[in-house]
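Below is one structure, written out as structure tokens; the observations come after it.
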Amino acid sequence: MIETEGLKFAYTGSSEVLRGIDLIINDGEFAAIMGENGAGKTTLVKTFNGLLMPSAGRVKVDDVDTHDSSVARLSRDVGLVFQNPDHQLFSETVREELAFSLRNFGYREDTIERRVAAILETLDLARYAESSPFVLSGGERKRVALAAVLVWNPKHIILDEPTIGQDYQQKDRLRNFIIQLNAQGKTVIIITHDVEFVAECKPRIILLSKGLVIGDRPAEDLLTDGALLDRASLTRPQVGMLMHQLKDYGLPERAIDVYSAEQAILHALAREE
Amino acid sequence: MLGTLHSRGAARGCKDLSIIQANHLTFTYTGASKPSIQDISIGVTPGEFVVLTGPSGCGKTTICRCLNGLIPNFYSGDFNGDLIVDGMNVKEHTTAELASHVGMVFQNPENQLFSLSVERDVAFGPENLGLSREDTRKRVDWALDVTGIAHLKDKPPYELSGGQQQRAAIAAVLAMQPKVMILDEPTSFLDPKSALEILEVISDLNKKLGITIVLVEHRLDIVSSHANRVIVMDGGQIVLDGTPRDVYGEHARLIGIGLPRVTMLFNLLQKDGLKFPQTPTTVDEAVDVLRKMLSR
């Protein structure tokens with residue numbers, strides 16, 4: 002469980018980025034943190050693994066105050082995948098990159114080999130195992146960064162903007178993969194602007210604006226609240242826009258993904274006849 | 180100033196009228212086992228708004244690097260065929276020479292801005308062209324005005340929001356008065372509202388100033404209403420090329436292109452046996468079609 006109480010944070014010499022955040026994210030939850038550029042999303046998750054310490058209030062991970070732990074210790078349980086893979090990757094080959102943390106944690110070589118092979122396969126990276134991460138495309142490097150964290154099997158996984166630069170098929174894979182991780186009991190937290198991705202995954206949405214939580218509801222509720230979305234510089238997903246404009250024709254605004262919209266339209270047309 | 184409004188979408192592929200003309204363009208990065216782009220032949224007429232899309236690693240970024248001369252000037256490799264942009268063969272001109280013809284905007288504006296004020300950033304290009312102070316001043320004011328950030332000119336770029344930074348990056352490119360602008364996923368770091376605003380700015384450059392736009396984007400949902408041409412690449416080659424409606428057929432789905440969600444929805448409804456005159460590619464078109472069906 003990740004818990005924050007009255008969490009405030011300011012970078013030295015700047016005004017407060019987080020202005021009092023109270024949140025509980027339970028084990029096994031799937032949550033998306035959304036909000037405008039500069040709302041404090043990345044700052045918030047950096048307090049979850051101790052990279053940043055609160056200026057006021059506190060953060061507890063599995064009942065341990067982050068003040069009483071260390072980044073090294075917290076990272077075993079809280080895997081944070083950065084938005085920019087270049088802030089994270091450094092090894093000569095993708096295989097070495099993935100093995101690095103496992104060696105640090107003291108795993109046996111045969112276990113390392115097995116785990117690395119499995120994660121390469123899962124994230125469609127096997128053919129790049131012996132390539133340098135730096136010759137890969139932006140989207141591919143992002144998947145390497147994700148693999149490098151998932152390989153040590155943290156209990157809570159945080160992905161900062163995982164869909165940027167990913168094509169449709171990769172996003173689809175990512176969505177299935179997140180659902181699978183979540184089904185295995187992992188807590189999955191994503192930071193994202195991608196309203197289409199969220200409309201398809203339907204996580205709990207924690208909406209941040211100017212350092213405060215301004216909404217915390219299921220995707221179908223939050224992505225249909227025009228006024229709230231506007232405050233956080235978000236838009237409805239495309240299908241949501243369509244349903245919203247047709248609500249006077251009896252179509253449900255909550256049908257925010259393609260498949261539920263399909264059913265709603267068929268239903269409405271059947272009613273007409 | 181860039182006052183001319185070019186006719187859109189005319190005479191596609193005709194060599195004399197093209198502002199971008201690629202003939203059998205193939206490029207292999209040094210050390211790579213196969214070409215990143217292979218036998219690309221296209222013509223783009225002045226004033227077109229082209230969306231370039233395709234799966235990761237399909238060669239989109241490589242084409243962009245060719246268009247502004249980064250390839251072959253900065254990236255080493257095997258360059259074959261010809262690429263003429265605004266009358267200049269990219270093999271025969273430096274990136275600096277090409278910069279006042281082809282502007283390039285990247286994903287992350289932070290990588291493109293470096294000065295202590297927005298105004299300094301926008302003035303950098305024209306000053307390097309050797310323009311007079313007065314001409315530089317005029318261009319900077321104009322570029323800031325067109326992109327809607329004149330009120331931010333004294334701010335340091337790092338104090339701006341992501342959307343404002345991307346406007347500043349576009350203004351800096353615009354101040355070079357290029358006839359072509361290449362934008363490589365320029366909205367992917369922005370929140371959705373800022374992304375739509377940036378697309379409006381880009382659309383205005385195209386409609387009001389006649390600047391030819393080549394926009395690389397995966398998210399066809401948000402660009403389809405602006406584009407008059409969509410080029411789909413796969414495995415280093417062009418596999419589809421036409422209007423959004425022409426392209427968003429079955430083939431595009433099969434190679435993993437994320438069609439606009441409304442188009443996907445109507446493809447599903449069609450499979451369910453519903454009939455409509457044409458498949459919508461934008462929300463507005465979809466609203467029209469469904470209104471008619473639901474009020475019958």
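One line per chain: the protein sequences are A and B, in this order. Take the first sequence: its position 12, counted from the start at 1, is 13 in this note's numbering, and no numbers get skipped. Take the second sequence: its position 296, counted from the start at 1, is 475 in this note's numbering, and no numbers get skipped. From the three backbone atoms N, C-alpha and C, an ideal C-beta is built for every residue, glycine too. Values in this document were obtained by computation on a predicted structure and should not be read as measured data.
- Distance from the CA atom of valine 418(B) to the CA atom of isoleucine 221(B), rounded to whole angstroms, is 12 Å.
- Pairing glycine 238(B) with tyrosine 208(B) gives a Cβ-Cβ distance that is not under 8 Å.
- For glycine 140(A), there is no enclosing beta strand (DSSP E); the enclosing alpha helix (DSSP H) has its first and last residue at 139-151.
- Interface annotation, asparagine 38(A): in contact with chain B, CB-CB separation under 8 Å.
- Of all alpha-carbon atoms in Ala233(A), Gly251(A), Tyr260(A) and Leu45(A), the one lying nearest the alpha-carbon of methionine 472(B) is that of Gly251(A).
- Annotation: the continuous alpha helix (DSSP H) that includes asparagine 252(B) extends over 249-252.
- Nearest neighbour of isoleucine 219(B) by Cα position, chosen from Leu246(B), Ser212(B) and Gly226(B), turns out to be Leu246(B).
- In this structure, the alpha-carbon of phenylalanine 368(B) lies about 43 Å from that of arginine 272(A).
- In the pairwise beta carbon analysis, the segment 136-148 of chain A is classified as touching the segment 156-174 of chain A: at least three pairs are separated by under 8 Å.
- The beta-carbon of serine 279(B) is placed no less than 8 Å from the nearest beta-carbon of chain A.
- Every alpha helix (DSSP H) of 4 residues or more that sits fully in the segment 4-77 of chain A is shown, in chain order, as 42-47.
- A Cβ-Cβ contact shorter than 8 Å links glutamine 291(B) with alanine 351(B).
- When the beta-carbon positions are compared, glycine 327(B) and valine 380(B) come within less than 8 Å of each other.
- In terms of CA proximity to threonine 48(A), Ile159(A) leads the group Ile159(A), Asn38(A), Asn85(A) and Val95(A).
- The residues Leu204, Thr205, Phe206, Gly238, Thr241, Ile242 and Gly415, in chain order, have a CB closer than 7 Å to that of isoleucine 216(B) in the same chain once the five nearest residues on each side in sequence are set aside.
- For the 8 Å CB-CB criterion, threonine 366(B) and leucine 378(B) form a contact.
- Taking C-beta atoms as the reference points, alanine 200(A) and isoleucine 257(A) count as a pair closer than 8 Å.
- Of all alpha-carbon atoms in Gly248(B), Ala275(B) and Tyr254(B), the one lying nearest the alpha-carbon of leucine 262(B) is that of Gly248(B).
- Contacts with chain A (Cβ-Cβ distance below 7 Å) from the segment 387-412 of chain B involve His397 and Asp400, listed in chain order.
- Around the CB of glutamine 185(A), fewer than 16 other CB atoms lie within 10 Å, so the residue is classed as exposed.
- Interface criterion met: the Cβ of lysine 372(B) is under 8 Å from a Cβ in chain A.
- Assignment of beta-bridge partners to arginine 408(B) by DSSP yields Val229(B).
- About 20 Å separates the Cβ atoms of glycine 435(B) and glutamine 181(A), ruling out a contact at the 8 Å cut-off.
- Below the 7 Å Cβ cutoff, chain A contributes Tyr169 as neighbours of isoleucine 436(B), in chain order.
- Residue-level contact check: serine 235(B) touches chain A, since one or more beta carbons of chain A fall below 8 Å from its beta carbon.
- In this structure the segment 400-411 of chain B does not touch the segment 207-227 of chain A; the number of beta carbon pairs closer than 8 Å is below three.
- Sequence-ordered contacts of the segment 449-464 of chain B with chain A read Asp451 and Val462 [C-beta pairs closer than 7 Å].
- Against chain B, the CB of histidine 194(A) has a partner CB under 8 Å away; the residue lies at that interface.
- The closest CA to that of leucine 147(A), considering only Gln264(A), Ser132(A), Glu93(A) and His88(A), is found on His88(A).
- Boundaries of the beta strand (DSSP E) harbouring alanine 201(B): 199-208, taken from the DSSP string.
- Chain A places no beta carbon closer than 8 Å to that of leucine 292(B), leaving this residue out of the contacts.
- Within the segment 241-258 of chain A, contact with chain B at the beta-carbon level (separation under 7 Å) is assigned to Met242, Leu243, Gln246, Leu247 and Tyr250.
- Ranking Arg77(A), Val189(A), Glu37(A) and Gly14(A) by CA distance to the CA of valine 152(A) puts Arg77(A) first.
- Shown here for arginine 440(B): same chain residues with a beta carbon closer than 7 Å to its own, the five before and five after excluded, namely Asp400 in chain order.
- Look at the segment 210-241 of chain A: the residues with a C-beta under 8 Å from a C-beta of chain B are Asp231, Ala233, Ser234, Leu235, Thr236, Pro238, Gln239 and Val240.
- Exclusion of the five residues before and after leucine 223(A) leaves Ile206, Leu208, Gly216 and Leu229 as the residues of its chain whose Cβ lies within less than 7 Å of its Cβ.
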